[in-house]
Amino acid sequence: MNPLRYAIFLIFIFANPLFAADWQLISPTRHQLDPEILNQLTTKLDQGDFGEIHSLLIVHHGDLVYEQYFHGFTADDLHIVYSVTKSITALLAGIAQAEGLLESLDQPLLDLLPSEHAIGNLNRWKSKITLQNVLTMSAGFQWDEWTADYGTPHNPIMRLINSEDWVQFTLNLPVSDEPGQVFTYNSGNSMLLAGVLHYLTGQCAADYAQQRLFTPLGITTFAWEMGPHEINNAAWGLNLRPRDMAVIGQLVLNGGVWQGVRILPEAWLKASFQPYHCLEDGRCYGYHWWLFPFDATREDTLMPYAHGYQGQFIIIVPCYQMVIVSTARQKEGEFAQMQRILNQFVFPAILE
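Residue 368 in the working numbering sits at position 236 of the sequence shown, and the numbers go up by one each step.
Below, the structure is given as structure tokens:
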């Protein structure tokens, strides 16, 4: 396999809109947030009561009201966001559809990924896989990346990342379930999405993101792992600064509009946050975004969120007009830890 490369993009923006670097941290009391509860949260985080948190940011009604860094991390540091990469890549697919590059999510996947090589394990189900199936993790591939620990030889991710062609490797997988019927979390699906974007746009995902998403948001620095055949690692390879993660979250909360300019199609976001497949623990999955009702007794508490390994989060809370961002290096139970942070401190701090 060719050595992986990281592309770091530095973009210098001369424009008037508010960008992450321009966000001024304001007093939480201006938004009727209890500062004492937030101070208690900071103490708990600093003591490690919620594991190894590297940053926690809260944006309320578009204002940055809480920003803390731990373990030597600062606002300027890029942080690997792992599977948050999946959610951001899905936003790029929405932009491509709005530009007319993607006709329909019902298009057969194989039509969107012309291959120079024969596709292994081809059968009638594989021929029926659509981009919708890929986005909702229901393509039907035979796969299990949740049983063995990530990074261990028994996890199929190791075979994927060490292959000479991430897209072809995934396409060659056996299909064991009818497309659209069974949820199977599969990072290979995200590699397929990167391949589709490359085919539709003629650019790698990083270049397309730079032009269509990051630059309009004023995201000036990011790193995105590049693999064979100019395919970015759309499964876990993106590095961002926490404030830039918050900007992306605010864009989503705004329905795709940033500083009066539409960047993401609203219809795509609405479709993205439908619960296409749900797990026994209450979590559901949309278009590469997770969904969870933080209060099962209220219908308006469904919260879309991007979740990366070890505790990377972009959480959207529409009913409170709030975005929460976290970077971390958790050893286990990162979703449960984040639930504790939200339910014991963030939400109780809201006085309105």
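Positions of the beta carbon are idealized from the N, C-alpha and C atoms, including for glycine.
Taking C-beta separations shorter than 7 Å and ignoring five residues to either side along the sequence, the partners of residue 396 in its chain run 223, 226, 227, 383 and 388, following chain order.
As DSSP reads the structure, residue 435 sits in a beta bridge with 424. A distance below 8 Å separates the beta carbons of residue 241 and residue 262.
With a cutoff of 8 Å on beta-carbon distance, residue 165 and residue 192 are scored as near each other. For the pair residue 375 and residue 234, the CB atoms are not nearer than the 8 Å cut-off. Contact annotation: the stretch 291 to 310 does not touch the stretch 341 to 356, with fewer than three C-beta pairs closer than 8 Å.
As a beta-bridge residue in DSSP terms, residue 189 pairs with 199 and 457. Residue pairing from DSSP places residue 440 in a beta bridge opposite 444. When the five nearest sequence neighbours on each side are left out, the beta carbons in the same chain lying within less than 7 Å of the beta carbon of residue 327 are those of 245, 299 and 363, in order along the chain.
Counted as a single uninterrupted DSSP element, the beta strand (DSSP E) harbouring residue 371 occupies residues 370 to 372.
Where residue 171 is concerned, the enclosing alpha helix (DSSP H) starts and stops at 167 to 179. A residue is called buried when at least 16 other Cβ atoms come within 10 angstroms of its Cβ; residue 218 meets this threshold and is buried.
The beta carbon of residue 182 is closer than 7 Å to those of 176, 469, 472 and 473 in its chain, skipping five residues each way along the sequence.
Put simply, the backbone Cα of residue 455 is about 31 Å away from that of residue 332. Residue 268 is positioned such that its CB atom lies closer than 8 Å to that of residue 419. In this structure, residue 351 and residue 152 form a Cβ contact; the two beta carbons are roughly 7 Å apart against a cut-off of 8 Å. Boundaries of the alpha helix (DSSP H) around residue 330: 319 to 333.
Annotation: the stretch 253 to 286 contains the following complete segments of the alpha helix (DSSP H) (minimum length 4 residues), in chain order: 256 to 260 and 263 to 267. Membership of residue 246 in any alpha helix (DSSP H) is not indicated, and neither H nor E is assigned to it by DSSP. Taking C-alpha positions only, residue 425 is separated from residue 445 by approximately 16 Å.
For residue 390, the three-state secondary structure derived from DSSP is strand. Between the alpha carbons of residue 264 and residue 236 lies a distance of about 9 Å.
Less than 8 Å separates the beta-carbon of residue 319 from that of residue 289. If you look at residue 218, you'll find it in the alpha helix (DSSP H) that goes 216 to 230. A distance below 6 Å between beta-carbons, with the five flanking residues on each side excluded, links residue 173 to the following residues of its chain, in chain order: 477.
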